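Accompanying notes for the structure given below.
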Amino acid sequence: RVKEYNTTESIDTDEILPLVNQVQLFLQGKNSIIFSSNMPRALITAKALFKDRHDIIFDGKFIEFDLNIIHIPLLKLKFGTWATISRILWFLRLIKSDRPIESEFKRAQECADIIDKKAQEELSVVLVAHGMLNIFIER
Numbered sequence: 122r123v124k125e126y127n128t129t130e131s132i133d134t135d136e137i138l139p140l141v142n143q144v145q146l147f148l149q150g151k152n153s154i155i156f157s158s159n160m161p162r163a164l165i166t167a168k169a170l171f172k173d174r175h176d177i178i179f180d181g182k183f184i185e186f187d188l189n190i191i192h193i194p195l196l197k198l199k200f201g202t203w204a205t206i207s208r209i210l211w212f213l214r215l216i217k218s219d220r221p222i223e224s225e226f227k228r229a230q231e232c233a234d235i236i237d238k239k240a241q242e243e244l245s246v247v248l249v250a251h252g253m254l255n256i257f258i259e260r
């Protein structure tokens with residue numbers, strides 16, 4: 122289900138529309154740069170938020186942290202619960218993923234460095250990305 126979620130193009134843009142005015146106010150009169158994950162859900166969100174911008178930088182560096190969802194057939198839990206359990210076990214290094222946790226932390230630092238460099242150039246930086254990556258960039 123994670124792969125399905127990561128590749129879905131079925132995004133409810135009605136959820137995005139309330140943010141459009143806030144984002145436009147934030148960027149009004151500022152030199153800005155917009156980065157986005159190149160995963161479909163982020164790509165669609167970025168295009169909905171910035172309809173008039175054709176300079177959005179879509180980059181695979183900004184994709185979500187890797188996660189393999191565990192599943193124990195005898196336990197009936199919701200997907201979100203399995204995802205949470207899997208993420209905790211991933212942090213504890215008890216389950217493996219395609220990209221090791223250390224490389225994901227390093228990538229988050231590289232993303233933070235890119236954003237910081239652009240901010241140092243007096244640009245307002247917007248990132249359209251994913252939960253865990255955003256959390257670790259913020260740190």
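With our numbering applied, the sequence shown covers 122 to 260. Glycine included, each C-beta is placed from N, C-alpha and C at the ideal position. Being a predicted model, the structure only gives us computed values, none of them experimental.
Measuring CA to CA, which of the options is closest to residue i?
i	options	result
S218	T166, D187, E259, D180	D187
N142	K172, R162, I154, I165	K172
M253	T205, I165, N152, D180	T205
P139	A233, L196, T166, D176	T166
P161	Q149, R174, F179	F179
I236	R214, R260, L213	R260
Q149	I193, K227, R174	R174
According to DSSP, is residue i helix, strand or coil?
i	result
F147	helix
S218	coil
L248	strand
N256	Per the sequence shown, the amino acid found at residue 256 is Ile instead of Asn. Residue state, collapsed to three classes: helix.
I137	coil
Between residue i and residue j, how many whole angstroms is the CB-CB distance? I'm expecting something under 8 Å.
i	j	result
I184	S158	5 Å
I258	A229	5 Å
S153	S245	4 Å
C232	K182	6 Å
A169	A250	At roughly 15 Å, the Cβ-Cβ gap does not stay under 8 Å, so A169 and A250 are not in contact.
Can residue i and residue j be called in contact, C-beta distance under 8 Å?
i	j	result
F147	L248	no
L210	I222	no
N189	I216	yes
- Query: Can you list, in chain order, the stretches of the beta strand (DSSP E) that have 3 or more residues and sit fully within the region 171-200?
  - Reply: The region 171-200 contains these whole beta strand (DSSP E) runs: 178-180.
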